[in-house]
Structures are given as structure tokens and as C-alpha cells.
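Trainee:
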Amino acid sequence: MAAPLVTVILPAKDAGEYIGTTLETLTRQFDDPSALKLVAIDDGSRDGTGSLMRQYAERFDRAEVVTNPHPRGLATARNQGLAHVEGDAFCFLDGDDWMQPRRLEVLVWTLKELRCDFLRTDHVTVKRDERRLVRAPFTHRGVVADPRAAILPVDDRSMVDYPYAWAGILHRRMIDDGLAGFTDGLFTAEDRPWIWRLHLQASSFAVVDAPHLLYRRGLTDSLSKTLDRRQLDFTRALGEVLDLVEADRAAEQLMPKAVFTVLALSSHHLVRARRMQPAVRRELRSGIRGLLARLPAEAASKAITQIGGPRRRVLARTLREATRLSPSLLSSAAASSSPLRSHSLRVSGPPHPQTVRPDQAGQSETVGAR
1 MAAPLVTVIL PAKDAGEYIG TTLETLTRQF DDPSALKLVA IDDGSRDGTG
51 SLMRQYAERF DRAEVVTNPH PRGLATARNQ GLAHVEGDAF CFLDGDDWMQ
101 PRRLEVLVWT LKELRCDFLR TDHVTVKRDE RRLVRAPFTH RGVVADPRAA
151 ILPVDDRSMV DYPYAWAGIL HRRMIDDGLA GFTDGLFTAE DRPWIWRLHL
201 QASSFAVVDA PHLLYRRGLT DSLSKTLDRR QLDFTRALGE VLDLVEADRA
251 AEQLMPKAVF TVLALSSHHL VRARRMQPAV RRELRSGIRG LLARLPAEAA
301 SKAITQIGGP RRRVLARTLR EATRLSPSLL SSAAASSSPL RSHSLRVSGP
351 PHPQTVRPDQ AGQSETVGAR
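For the sequence shown, UniProt numbering assigns the number 1 to the initial residue and increments by one for each residue that follows.
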């Protein structure tokens with residue numbers, strides 16, 4: 001039997017309410033069912049997720065279901081899936097999202113046509129009855145580009161601020177080159193070092209148009225809504241981003257972008273920390289202080305002025321505690337009252353959808369297959 005055209009890696013935990021929709025849309029990607037291999041990972045679910053995975057596996061010519069007795073986290077579950085990839089292309093999908101028909105067919109053939117390492121796409125966020133198109137922040141469409149050229153600018157959204165592993169497709173040489181994996185054990189922000197590594201070390205990519213992936217927002221049990229110890233992993237993930245940039249040949253040019261990202265995400269978590277349990281809050285703040293202590297003083301002092309209002313003041317206090325910047329410099333930054341610039345990095349998990357002009361996308365609402 002010939003190799004499949006694409007392998008879909010689908011990890012999920014307690015996604016029984018939604019995963020039937022996810023799996024059903026995978027049956028609508030190709031006319032030939034042998035074109036797709038499904039690798040589903042039941043990551044310690046306590047509901048019917050694993051049962052649904054096994055039921056749907058019977059509808060695919062190629063399917064494997066991996067069962068973890070206890071949750072190992074999204075990063076580790078995705079890595080488990082990578083070990084089962086067949087064919088030249090693979091992609092990731094989460095258990096509460098779904099795809100419009102023939103999305104994967106379009107992406108597989110576009111990847112072959114462009115002959116690049118990976119493709120990225122727009123996506124649609126779904127919150128109750130509202131659907132909004134979120135554009136991948138790159139000017140050129142359907143054009144092969146150097147991934148490094150999509151990291152900057154510093155103070156505007158770029159492709160490293162669009163880290164969603166499910167928003168595209170990759171050639172299997174990314175596995176062979178050691179660029180596809182995630183850091184085992186990360187429960188949050190696992191996609192941050194992943195996307196930086198791709199853009200620093202892969203050779204080619206493109207942003208392309210394709211039928212959409214639809215991403216559910218606002219779920220009460222999603223990790224982005226959770227305020228437990230799993231959120232602490234973001235400091236480890238961003239520490240890995242700093243490691244990658246520090247080791248890069250263009251570290252001096254790229255470090256300001258990494259610093260801005262660290263500060264923006266740290267400010268977001270510091271504000272949210274007020275709703276955490278005291279012990280978790282203390283540990284989070286300690287981790288952030290350690291992370292900020294690594295930042296180059298000049299880049300940090302410049303970046304902090306681009307973060308607005310209360311978040312700037314919270315950051316100023318934390319930076320002072322990290323003893324990396326002078327008190328006078330921090331006081332100046334904290335006292336600034338200029339508002340956050342509209343093009344600054346989004347920091348609250350999924351990006352707030354950009355306003356889409358008619359000449360960009362035609363519409364800001366789309367209908368997904370159900």
C-alpha cells in the first residue's frame with residue numbers, strides 16, 4: 001500500500017463533547033480515504049474521548065490510537081504522534097477544533113507545488129455564534145520565503161507571534177531535521193519555542209490560502225482559562241525562546257523581538273496571577289523574575305515603554321525586583337502614560353482577530369463544516 005499523503009496528529013484529553021465533530025471533518029478531506037493517516041492520542045481522558053477515537057479509527061484506512069493512562073500534556077502527546085508519521089506531510093489538530101472540507105487536500109498539493117518546509121494559514125475563531133477570521137501576520141501569500149525574514153518587526157505582530165501548531169502543514173523533513181518536536185512535559189506555551197525554532201532553522205515556508213481550520217474559544221475547561229500550576233510552564237517555554245535566540249548568528253538583531261515577547265506575555269500572566277492561589281502566584285512571580293533577569297537591559301528598557309498602562313507598572317516592579325535595570329530607568333518607564341500602541345503584540349492566548357479589509361480576505365466571517 002502506498003504511503004498516505006498526510007498524517008494528522010490529534011491529541012486530546014476529555015474532549016468527548018467536541019471530538020466527534022473534529023473526527024467527522026477529517027473524513028471530508030479527501031475522496032480517497034487512504035490519503036490520510038490518523039494518529040489519535042488519548043491523553044489520560046476520563047470521559048468518552050478514547051472510545052470515540054477508536055470508533056472513528058475504524059472509518060480510516062490508516063489509523064492508530066495511542067492511549068496514555070495518565071495525562072502527559074499536549075507537548076508530549078504531540079511528540080508521541082510524531083513517532084507514527086507516515087508519508088511526506090503531517091499536521092497537528094486539537095480535539096475541540098475542526099476543518100472545512102478539503103483543507104488538507106489543498107495544503108498537501110500546495111506543499112508539493114511550492115516545495116517548501118512548512119506552510120501556514122489563517123484560521124477562524126469560534127465563540128458561541130460568532131466566527132471571526134484571524135489572518136496570519138505576513139504580507140505575501142503563496143510565495144516561498146525565508147522563515148527568518150518573518151520574525152521581525154519588533155513592535156508589530158509577526159509570524160513568531162502566530163505560534164499555533166495546527167495552523168498549517170509541515171514536510172516530514174522537519175522531523176528528520178529535529179525541528180518538529182516539542183519540549184516534553186510543557187503544559188502551556190509549548191508552541192512558543194516550537195515556532196521560533198522553525199523560523200530560525202528551517203529553510204523555507206509560505207503563508208497560503210486554504211479552507212479554514214476553526215478554533216473554539218472561550219471553553220470553560222480550556223488551559224488558557226485555567227489558573228493552576230500548569231500555567232507556570234510559560235516561563236520555561238520563554239526561557240527556551242531566549243536560549244534559541246542567544247545561540248543564533250543574528251542574536252543581536254533578533255533579541256529585541258524575543259525581549260518584547262517575554263515582557264508582553266509576562267505582563268499578561270502577572271495581571272492574571274491576582275486570581276491564582278497564593279502559593280501558585282508566588283511561584284509564578286518568582287519564575288517571571290528569573291526570566292526577566294536574563295533580559296538585556298537596553299532591550300528591556302526600550303520594550304517596556306511600548307507596553308501600556310497597568311501592565312507596564314506591574315512589569316516595572318518585577319523588573320526592579322529582578323535587579324536588571326536601574327531604578328531611575330524603571331521609574332521613567334513606569335511613569336509613562338502613553339497608551340499601548342495598536343500594533344503591539346497581543347498577549348492573551350489566541351490573538352484578538354484583526355480587522356479584515358475586503359481586499360484582504362473578502363469577509364471576516366466564514367462558515368465551517370459541522
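Ideal Cβ placement from N, Cα and C applies to all residues, glycine included.
Treat the numbers as computed from the prediction; the structure is a model and nothing was measured.
(1) So, under 8 Å CB-CB, residue 18 and residue 123 are touching, yes? Tell me the CB distance rounded to an integer number of Å.
(2) Taking the beta carbon of residue 140 as the centre, do at least 16 other beta carbons fall within 10 Å, making it buried, or is it exposed?
(3) To which residues of the same chain is residue 173 closer than 8 Å at the C-beta, ignoring the five residues directly before and after it?
(4) Expressed to the nearest angstrom, what Euclidean distance is found between the alpha-carbon atoms of residue 5 and residue 103?
(5) Any idea if residue 310 is buried or exposed, counting beta-carbon neighbours within 10 angstroms, 16 or more meaning buried?
(6) Alpha carbons only, please: which of 291, 231, 297, 147 is nearest the one belonging to residue 188?
(7) Between the alpha carbons of residue 281 and residue 86, how many angstroms are there, rounded?
(8) Which complete beta strand (DSSP E) runs does the region 143-181 hold, if anything under 3 residues is left out?
(9) Using beta-carbon positions only, say whether residue 46 and residue 14 come within less than 8 Å of one another.
(10) Please confirm if the region 50-59 is in contact with the region 170-185, defined as three or more CB-CB distances below 8 Å between the two stretches.
(11) Hey, out of 59, 48, 207, 70, whose CA is closest to residue 26's CA?
(12) Taking residue 424 as part of the beta strand (DSSP E), name the residues at either end of that continuous run.
(13) Starting from residue 316, follow the alpha helix (DSSP H) in both directions and report where the run begins and ends.
(14) Assuming contact is defined by CB atoms lying nearer than 8 Å, are residue 186 and residue 233 in contact in what I supplied?
(15) From this set, 264, 296, 302, which residue's C-alpha is nearest residue 314's C-alpha?
(16) Among 159, 61, 7, 12, which has the Cα closest to the Cα of residue 33?
Mentor: Taking the definition as stated:
(1) Stepping through the sequence shown from its first residue, residue 18 is reached at position 18. Stepping through the sequence shown from its first residue, residue 123 is reached at position 123. Taking a contact as a CB-CB distance under 8 Å, the pair residue 18 and residue 123 does not count as one, their CB atoms being some 16 Å apart.
(2) Against the sequence shown, residue 140 aligns to sequence position 140. Residue environment analysis places residue 140 among the exposed positions, since fewer than 16 neighbouring C-beta atoms fall within 10 angstroms of its C-beta.
(3) By 1-based counting over the sequence shown, the position of residue 173 is 173. Cβ within range, chain order: 117.
(4) As a position in the sequence shown, residue 5 is number 5, starting the count at 1. As a position in the sequence shown, residue 103 is number 103, starting the count at 1. Each residue's alpha carbon lies about 13 Å from the other.
(5) The residue labelled residue 310 in the question sits at position 310 within the sequence shown. Counting C-beta atoms within 10 angstroms of its own C-beta, residue 310 has fewer than 16 neighbours from the protein chains shown and is therefore classed as exposed.
(6) Here the question's residue 188 lines up with position 188 in the sequence shown. Of the candidates 291, 231, 297, 147, the residue whose Cα lies closest to the Cα of residue 188 is 231.
(7) The sequence position of residue 281 within the sequence shown is 281, counting from 1. The sequence position of residue 86 within the sequence shown is 86, counting from 1. A straight-line Cα-Cα distance of about 43 Å links residue 281 and residue 86.
(8) Fully enclosed beta strand (DSSP E) runs of 3 or longer: 168-171.
(9) Residue 46 sits at position 46 when you count from the first residue of the sequence shown. Residue 14 sits at position 14 when you count from the first residue of the sequence shown. For residue 46 and residue 14, yes; Cβs fall inside 8 Å.
(10) Contact between the region 50-59 and the region 170-185 is absent, with fewer than three C-beta pairs closer than 8 Å.
(11) One-based indexing of the sequence shown puts residue 26 at position 26. Checking every option, the nearest Cα to that of residue 26 belongs to 59.
(12) A query on residue 424 cannot be resolved here, the shown segment of the chain reaching from 1 to 370 and no further.
(13) Numbered from its first residue, the sequence shown carries residue 316 at position 316. Per DSSP, residue 316 is one residue of the alpha helix (DSSP H) stretching across 309-321.
(14) Position 186 of the sequence shown, counted from the start, is the residue given in the question as residue 186. Position 233 of the sequence shown, counted from the start, is the residue given in the question as residue 233. Cβ distance < 8 Å, so residue 186 and residue 233 count as in contact.
(15) Counted from its first residue, the sequence shown places residue 314 at position 314. The shortest CA-to-CA distance from residue 314 to any of 264, 296, 302 is the one to 264.
(16) One-based indexing of the sequence shown puts residue 33 at position 33. Closest in C-alpha terms to residue 33, from the list 159, 61, 7, 12, comes 61.
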